[in-house]
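Visitor:
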Amino acid sequence: MRNVLIFICGALLFGCSGDSLSPAEDPYAFQKPENFPDAAYTFGNNPVTKQGFELGRALFYDPILSRDSSIACANCHQQHKGFSDPLHKFSRGVNDASGFRNAPAIQNVAFQSHFFWDGGVNHLDFVPINAIISEVEMAEELGHVVTKLGRRTLYQEKFNSAFGSPSVDSQKMLYALSQFMNMMISGDSRYDHHVRKEGETLTGDELEGLNLFTAKCSPCHATDLFTDGSFRNNGLNETFELDSGRERITEFAPDRGKFKVPSLRNAELTSPYMHDGRFKTLEEVLDHYAQSVKESETLDPVLRQEGTLGIPMSGEEKAKIVAFIKTLTDRNFTSDKRFSNPFLK
Amino acid sequence: MKKIYSLIFFATVLLSTVSCSDDDNNNAESGPITFEFDNIVGTADLQLNTADNPYTNSKGEVYKLTTVKYYISNIKLKKSDGTTYTDPVKPDGSEGYYLVDESDAESQGVTLENVPAGEYTEITFTVGVDATQVDQGAQTGALDPANNLFWSWNSGYIFVMVEGVSPVSTETDNAFQYHVGGYKEDAASNQVNNIKTITLSFNGDSAPVRAAHEPEVHLLFDVNKFFNGPGEEVTFSASAARHSPKACENLSGNISAAFVVDHVHAN
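Heads up: the protein sequence lines correspond to chains U and S, in order.
Note that the working numbering has the first sequence beginning at 547, numbered continuously upward.
Note that the working numbering has the second sequence beginning at 11, numbered continuously upward.
(1) Give a yes or no on whether the C-beta atoms belonging to residue 829 (chain U) and residue 872 (chain U) are separated by under 9 Å.
(2) Near residue 645 (chain U), which residues of its chain fall below 6 Å by C-beta distance, leaving aside the five closest residues on each side in sequence?
(3) Measuring CB to CB, does residue 781 (chain U) end up less than 9 Å from residue 846 (chain U)?
(4) Does DSSP put residue 34 (chain S) in a helix, in a strand, or in coil?
(5) Starting from the beta carbon of residue 623 (chain U), find every residue of chain S whose beta carbon is closer than 9 Å, and list them in chain order.
(6) So, is the C-beta of residue 91 (chain S) closer than 9 Å to a C-beta in chain U?
(7) Could you please give the first and the last residue of the uninterrupted beta strand (DSSP E) stretch that includes residue 79 (chain S)?
(8) What did DSSP end up calling residue 731 (chain U) once you bin it into helix, strand or coil?
(9) Could one say the Cβ of residue 147 (chain S) lies closer than 9 Å to chain U's Cβ atoms, at least one of them?
(10) For the region 122-153 of chain S, which residues have a CB atom closer than 8 Å to at least one CB atom of chain U, in sequence order?
(11) Using alpha carbons as the reference points, say which of U:784, U:791 and U:769 lies closest to residue 778 (chain U).
(12) Just to confirm the assignment, what range does the beta strand (DSSP E) spanning residue 211 (chain S) have?
(13) Between which two residues does the alpha helix (DSSP H) harbouring residue 126 (chain S) extend?
(14) Please state whether DSSP places residue 719 (chain U) in a helix, a strand or coil.
(15) Nearest to residue 725 (chain U) by CA position, among U:835, U:669, U:595 and U:756, is which residue?
(16) Is there at least one Cβ from chain S nearer than 9 Å to residue 588 (chain U)'s Cβ?
(17) Which word fits residue 658 (chain U), buried or exposed, when buried means at least 16 other C-beta atoms lie within 10 angstroms of its C-beta?
(18) Going by the CB atoms, is the gap between residue 127 (chain S) and residue 220 (chain S) shorter than 9 Å?
(19) Taking DSSP's pairing of strands, which residues face residue 161 (chain S) in a bridge?
(20) Residues of chain S with CB closer than 7 Å to the CB of residue 689 (chain U), please, in chain order.
(21) Going by DSSP, which residues form a beta bridge with residue 252 (chain S)?
(22) What residues in its chain sit with their C-beta under 6 Å from that of residue 706 (chain U), if we drop five residues either side in the sequence?
(23) Could you list which residues in chain S have their beta carbon closer than 7 Å to that of residue 845 (chain U), in chain order?
(24) In whole angstroms, give me the CA-to-CA distance for residue 834 (chain U) and residue 874 (chain U).
(25) On the CB-based measure, 16 or more other CB atoms within 10 Å of its CB, does residue 837 (chain U) come out buried or exposed?
(26) Just to confirm, is the Cβ distance from residue 138 (chain S) to residue 193 (chain S) under 9 Å?
(27) Give the residues of chain S in contact with residue 666 (chain U), contact being defined as C-beta atoms less than 8 Å apart.
(28) Give a yes or no on whether the C-beta atoms belonging to residue 856 (chain U) and residue 157 (chain S) are separated by under 9 Å.
(29) Once you ignore the five residues that flank residue 870 (chain U) on each side, which residues in its own chain have a CB closer than 7 Å to its CB?
(30) Thinking just about the alpha-carbon of each residue, which of S:234, S:170 and S:145 is nearest to the one in residue 100 (chain S)?
(31) Have a look at S:66, S:43 and S:269 and flag the residue whose alpha-carbon is nearest the alpha-carbon of residue 54 (chain S).
(32) Going by DSSP, what residues sit across from residue 262 (chain S) in a beta bridge?
(33) Tell me where the alpha helix (DSSP H) around residue 795 (chain U) begins and ends.
(34) Please name the residue or residues paired with residue 54 (chain S) in a DSSP beta bridge.
(35) How many whole angstroms separate the CB atoms of residue 807 (chain U) and residue 770 (chain U), which I take to be in contact at a CB cut-off of 8 Å?
(36) In the structure shown, what three-state DSSP assignment does residue 740 (chain U) receive?
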């Protein structure tokens with residue numbers, strides 16, 4: 547069966563390749579940076595196309611997704627801040643409602659298999675549903691969004707060109723948003739150019755910071771995604787009464803106080819930090835790991851070594867680690883016109 | 011790369027079309043069969059949104075019902091000769107998943123078309139939506155999340171949704187809500203899998219599937235057995251709001267016994 551599939555795909559490939567762009571030329575082809583792990587997304591069900599991407603882009607920037615047309619995805623996920631919220635510890639939803647966790651940056655989501663701080667969502671397609679129906683975010687019904695979109699000529703045309711039919715349903719809407727977000731690949735930082743030997747040289751401090759980072763931070767912020775995708779208690783609290791984190795999903799006491807390890811890409815831009823946005827600067831984050839880690843039953847073992855809490859770091863070491871983290875800032879990503887607001891011409 | 015993905019997709023569609031054509035489509039050797047899901051409470055037919063509280067659970071608590079919905083999927087039929095027919099399932103949820111909704115009479119009749127002719131004596135089905143389906147991403151048809159049986163915060167479908175009112179419930183407006191879901195079986199974090207697969211014989215009868223026949227198999231879902239069975243005995247006054255996999259782990263143990271095959275119309 548596999549041989550037949552390969553034969554048919556091969557035959558079709560040769561038959562159709564005359565007028566197509568190679569992936570390197572096509573700005574709407576999903577391309578994994580060579581230093582990244584494999585993607586997790588189910589592209590077989592929902593391949594990226596230019597038309598689907600552009601529909602997703604319009605949806606991302608259109609407040610029609612919210613109950614009173616006041617909030618778009620882009621309100622709390624702003625491109626110039628790595629698609630995070632620059633203004634709020636807890637983002638504001640319809641009627642100025644306050645959320646209870648810091649809005650995560652959107653980048654490299656095609657490579658992730660769990661979303662949100664507690665990982666309760668396990669497929670990218672389902673991520674927007676959470677924001678649309680949450681009373682403290684868009685406070686809208688999914689079915690009503692579909693109805694509103696179906697009434698608009700703009701969207702009838704965009705759904706038609708993306709999916710071959712002007713009819714709108716939630717699956718196509720979610721597919722389009724996933725196509726847009728899957729293309730949000732941040733892998734063009736100075737660090738990336740350094741590691742891929744593309745002519746970039748890091749400074750002495752940055753290189754020392756990289757070595758310190760590898761020794762002290764990479765057990766959790768692993769791979770070139772700078773997260774291992776796991777859930778860990780990093781010692782922010784002793785009881786986690788306000789937010790039990792991963793335990794809310796698994797209903798399993800050993801998961802109390804665990805949150806998803808965030809990527810550090812574009813961390814320079816995504817302040818404030820932690821699930822509750824408690825730290826304003828990267829220096830405060832490192833100070834926490836050096837001297838403020840709190841003991842609790844589920845504290846991650848890497849933060850409790852040889853009876854000592856936290857990660858020992860001198861002031862100079864912290865400065866070098868921050869210098870390294872700033873090499874992960876990807877201005878090409880945050881200024882990429884493909885991801886900008888299509889309604890602002 | 012985009013091209014490759016779309017080509018793989020089209021090749022798969024092509025292949026699946028070719029492989030499906032082996033089945034006996036639209037000829038004398040196949041026909042339809044309908045499974046009618048009748049919802050009941052004890053011996054009474056189920057009525058939603060009644061003025062009074064016509065029903066009483068095993069604890070003696072009176073109640074009325076406002077919502078009864080559940081997913082039926084992965085249907086397999088067995089013939090008297092032991093061979094089986096599997097209702098096809100599509101990765102996007104457009105086929106093979108059925109939402110039975112008490113407020114929508116049409117939804118209570120699940121008709122399978124182009125079933126190979128034969129004498130069928132047994133059905134196997136899943137109540138709920140399995141992990142392999144949820145892991146495929148956005149779904150359509152019965153599984154469209156806009157049907158509001160989808161947990162957004164903890165991705166996955168509500169398999170069985172039973173809501174109503176009992177004067178003894180301490181929740182707002184004396185409401186009760188039993189939302190059974192949870193499919194993320196996971197030894198590391200002890201997440202529960204409340205998926206149930208049920209096999210029911212036609213009690214010695216058989217349903218003759220032919221081009222000229224439209225046999226109907228009547229199944230009953232008894233809400234009082236859902237509230238009281240091998241898993242637990244529900245008390246509205248103590249626990250009337252269940253909205254998570256673990257909160258419904260014991261309750262899900264009642265699901266299988268709540269379904270029975272009542273009778274078969276050969277038609």
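Glycine is no exception: its CB is placed at the ideal position from the N, C-alpha and C atoms.
From a predicted model like this one, the values you see are computed outputs, not experimental measurements.
Guide: Reading from the atomic positions:
(1) Contact flag unset, no.
(2) Cβ within range, chain order: 636, 637 and 682.
(3) Yes, the pair counts as a contact, with Cβ atoms nearer than the cut-off.
(4) With a pLDDT of only 40 at residue 34 (chain S), under the threshold of 50, the placement of this residue in the model should not be trusted; the figure read from the coordinates follows. Three-state result, residue 34 (chain S): coil.
(5) Annotation: residue 623 (chain U) has no Cβ neighbours in chain S at a cutoff of 9 Å; minimum Cβ distance is about 17 Å.
(6) By this cut-off, residue 91 (chain S) is not an interface position.
(7) Its beta strand (DSSP E) spans residues 72-89.
(8) DSSP places residue 731 (chain U) in coil when its eight states are reduced to three.
(9) By this cut-off, residue 147 (chain S) is an interface position.
(10) Answer in chain order: 144, 145, 146, 147, 148, 149 and 150.
(11) With distances taken between Cα atoms, residue 778 (chain U) lies closest to U:791.
(12) 206-211 is the extent of the beta strand (DSSP E) around residue 211 (chain S).
(13) Element bounds for residue 126 (chain S): not the alpha helix (DSSP H) but the beta strand (DSSP E), 119-126.
(14) In the structure shown, the three-state DSSP call for residue 719 (chain U) is helix.
(15) Residue 725 (chain U) has its Cα closest to that of U:595, out of U:835, U:669, U:595 and U:756.
(16) Yes, contact with chain S.
(17) Buried is the call here.
(18) Going by C-beta atoms, residue 220 (chain S) is nearer than 9 Å to residue 127 (chain S).
(19) According to DSSP, which records beta bridges pairwise, residue 161 (chain S) is partnered with S:166.
(20) What residue 689 (chain U) touches in chain S, judged by beta-carbon distance under 7 Å, is 156, going in chain order.
(21) Note: residue 252 (chain S) sits in a beta bridge opposite S:188.
(22) Scanning its chain for C-beta atoms nearer than 6 Å, with the 5 sequence neighbours on each side dropped, one finds around residue 706 (chain U) the residues 712, in chain order.
(23) Near residue 845 (chain U) there are no residues of chain S at all, since even the closest Cβ is about 17 Å away, more than 7 Å.
(24) Distance between the alpha carbons of residue 834 (chain U) and residue 874 (chain U) is about 21 Å.
(25) Burial call: exposed.
(26) Residue 138 (chain S) places its beta carbon less than 9 Å from that of residue 193 (chain S).
(27) Taking the beta carbon of residue 666 (chain U) as reference, the chain S residues within 8 Å of it are 163, 164 and 165, listed in sequence order.
(28) It is not a contact, given that the beta carbons lie outside the stated cut-off.
(29) Closer than 7 Å at Cβ, skipping near neighbours: 752, 755, 756 and 759.
(30) For the set S:234, S:170 and S:145, the Cα lying nearest the Cα of residue 100 (chain S) is the one of S:145.
(31) If we check each option's Cα against that of residue 54 (chain S), S:66 comes out closest.
(32) For residue 262 (chain S), DSSP assigns no beta-bridge partner whatsoever.
(33) Note, residue 795 (chain U): alpha helix (DSSP H), 793-796.
(34) Answer is S:51.
(35) Contact between residue 807 (chain U) and residue 770 (chain U) does not hold, since their C-beta atoms are separated by about 14 Å, which reaches or exceeds 8 Å.
(36) The three-state reading of DSSP puts residue 740 (chain U) in helix, counting H, G and I together.
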